Amino acid sequence: MLSSAPGCTDAPVLRQRGQREVFCGLTGIVWLHRKIQDAFFLVVGSRTCAHLLQSAAGVMIFAEPRFATAILDERDLAGLADANDELDRVVARLLERRPDIRMLFLVGSCPSEVIKLDLSRAAQRLDRAGNGDVRVLYYSGSGIETTFTEGEDACLAALVPEMPAATDSKPSLLIVGSLAEVVEDQMLRLFSAMGIDDVRFLPPRRARDLPPVGRGTRMLLAQPFLANTARALEARGATHLPAVFPLGAEGTTLWLRAAADAFGVSPARFHDATSAAEDRARRSLAPLRETLAGKTLFLFPDSQMEISLARFLAREVGMIPIEVGTPYLHRSHLGPELALLPRDSRLSEGQDVELQLDRCRDAQPDLVLCGLGLANPLEAEGFTTKWSIETVFTPIQGYNQAADLAELFARPLRRRARLMV
Ligand code: SF4
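Using my numbering, the first residue of the sequence shown is number 491, and each one after it goes up by one.
Shown next as structure tokens:
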């Protein structure tokens, strides 16, 4: 029987639970520490965790980094009381040296030495000791509990109980998920042109500027990997505005329109506010379409942005997604995206990496989006790859960034074409 549902709304999903090749949630610190400028992320972990953070952030140079790893060794297990005392000493030294820190995140990891520590309780103890000058919160970035972008979800969910209660139920717009500041500023200008002025962001640029939340809060997700944060905000009265994510010209318009509809913006005013920027974005994509149209794409699960990326690449630059893998498929947040995804794309959730590699080899795609661990072996087999981590580190949301996003995918194809001549 033919389905009348659009796109991939009710398409079958290949669910696999096997060995997976995905970063852990500690990776989120690399972009979160730049975002919340008076926060500090103290990972309680092993040398492996320290190496991961250093190599993931190694491309960036900071005079005073806002993250560090407190390394727990086996010997620290001599007594948990000792480990807690050591943690207290590390935090006291850090806060003494860095009086600019207003919020300290203790970030859990997965070595057994760390799992035995109750970091949530440690955060409460340190928070009380800070007398309100420095808030101390806990979340887990452990590879057992989180993959890659789920670290941001865990961090933002930890912030939700700290948000002040809204004093009235007047509608306000809350954009949820880390965006580059330049993107936030562009979005603010567009919302202002529509007459929506009460717009706040989570995470804020300063930990002390947490936005209020309540029954008037209309929540527009800027990232597709925030299931726990969204649930926590809904529990505090916020209403989720379903929308595609702001990738590409069409994607950004649909995302903005979800807010415009919720705030009663007239179609004419919406058109006036967005049409010039949307036209510019469409024009900027035209030359990239020449490189990308008709090229096949295989997306391994990594950042949870895969479905939005595949929708943009298929609809706006004509790529053909063969398989769209995602670590998790949150239908309540991705419903509008699924409706726009080409019907013949294969959807997969979770991973059994060897089986997925076999499907990729069978498909022989022109381009593979994958994590760092898979990119080198696939390049050695002759595939052209793009690291999915770049789609998280690069500002790609909004009209002005549409061409930058397409360029991320065009560059490896051009490089390969040059090598072939
Ligand atoms: Fe590795 Fe676990 Fe540390 Fe992540 S949290 S770097 S998976 S040891």
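Quick reminder that beta carbons are idealized off the backbone N, C-alpha and C, glycines included.
For clarity, every value in this text was computed on a predicted model and none was experimentally measured.
- When the beta-carbon positions are compared, Asp643 and Thr719 come within less than 8 Å of each other.
- Measuring C-alpha to C-alpha distances from Ser668 to each of Ala722, Arg611, Lys525, Val604 identifies Lys525 as the nearest.
- Between Thr517 and the set Phe595, Phe638, Gly825, the nearest pair of CA atoms involves Phe638.
- DSSP lists Glu839 as the bridge partner or partners of Thr816.
- Following the DSSP letters along the chain, one finds Gln676 inside the alpha helix (DSSP H) bounded by residues 671-684.
- Relative to Pro694, the option among Leu680, Ser682, Arg705, Asp675 whose CA is nearest is Asp675.
- A distance criterion of 7 Å places the beta-carbon of Pro817 beyond contact range of the ligand SF4, judged by its closest non-hydrogen atom.
- If you look at Met709, you'll find it in the beta strand (DSSP E) that goes 707-711.
- Nearest C-alpha to Val580 among Ala558, Ser599, Arg592, Cys600: Ala558.
- Boundaries of the alpha helix (DSSP H) harbouring Thr764: 757-782, taken from the DSSP string.
- Taken through DSSP and simplified to helix, strand or coil, Gly598 comes out as strand.
- Within the same chain, and ignoring the five residues on either side of Phe681 in sequence, the residues whose Cβ sits closer than 8 Å to its Cβ are Leu663, Asp687, Val689, Leu746, Ala749.
- Per DSSP, Cys498 lies in no beta strand (DSSP E) and is assigned neither H nor E.
- Assignment of Ile797 by DSSP, reduced to helix, strand and coil, places it in the helix class.
- A heavy atom of the ligand SF4 is found nearer than 7 Å to the CB of Gly535.
- For Glu869, same chain residues with a beta-carbon under 7 Å away, outside a window of 5 residues either side, are Thr875 in chain order.
- Taking Thr781 as reference, the option from Ala619, Leu857, Cys539, His541 with the minimal CA-CA separation is Leu857.
- The ligand SF4 has no heavy atom closer than 7 Å to the beta-carbon of Cys645.
- Around the beta carbon of Leu562, 16 or more other beta carbons sit within 10 angstroms, so the residue counts as buried.
- For the pair of segments examined, the segment 787-796 was found not to touch the segment 750-757: the number of CB pairs separated by less than 8 Å stays below three.
- Contact between Phe530 and Leu616 is absent: CB atoms are separated by about 12 Å, not below the 8 Å threshold.
- In this structure the segment 499-509 lies against the segment 831-844, because at least three pairs of beta carbons, one per stretch, are closer than 8 Å.
- For Met677, the closest of Ala900, Leu859, Gly888 by C-alpha to C-alpha distance is Gly888.
- Boundaries of the alpha helix (DSSP H) harbouring Gly641: 640-649, taken from the DSSP string.
- Remark: the shortest separation between the CB of Thr538 and any heavy atom of the ligand SF4 falls under 7 Å.
- A Cβ-Cβ contact shorter than 8 Å links Val533 with Leu543.
- At a Cβ-Cβ threshold of 8 Å, Val666 and Leu692 count as neighbours.
- Put simply, of Thr764, His761, Met653, Ser774 the residue whose alpha carbon is nearest the alpha carbon of Leu723 is Met653.
- In this structure, DSSP gives Leu789 an extended state, which the three-state scheme calls strand.
- With a cutoff of 8 Å on beta-carbon distance, Gly535 and Pro589 are scored as not near each other.
- No heavy atom of the ligand SF4 is found nearer than 7 Å to the CB of Ser793.
- Relative to the ligand SF4, the beta carbon of Gly633 is positioned inside 7 Å of a heavy atom.
- Residue pairing by DSSP places Lys876 opposite Leu859 in a beta bridge.
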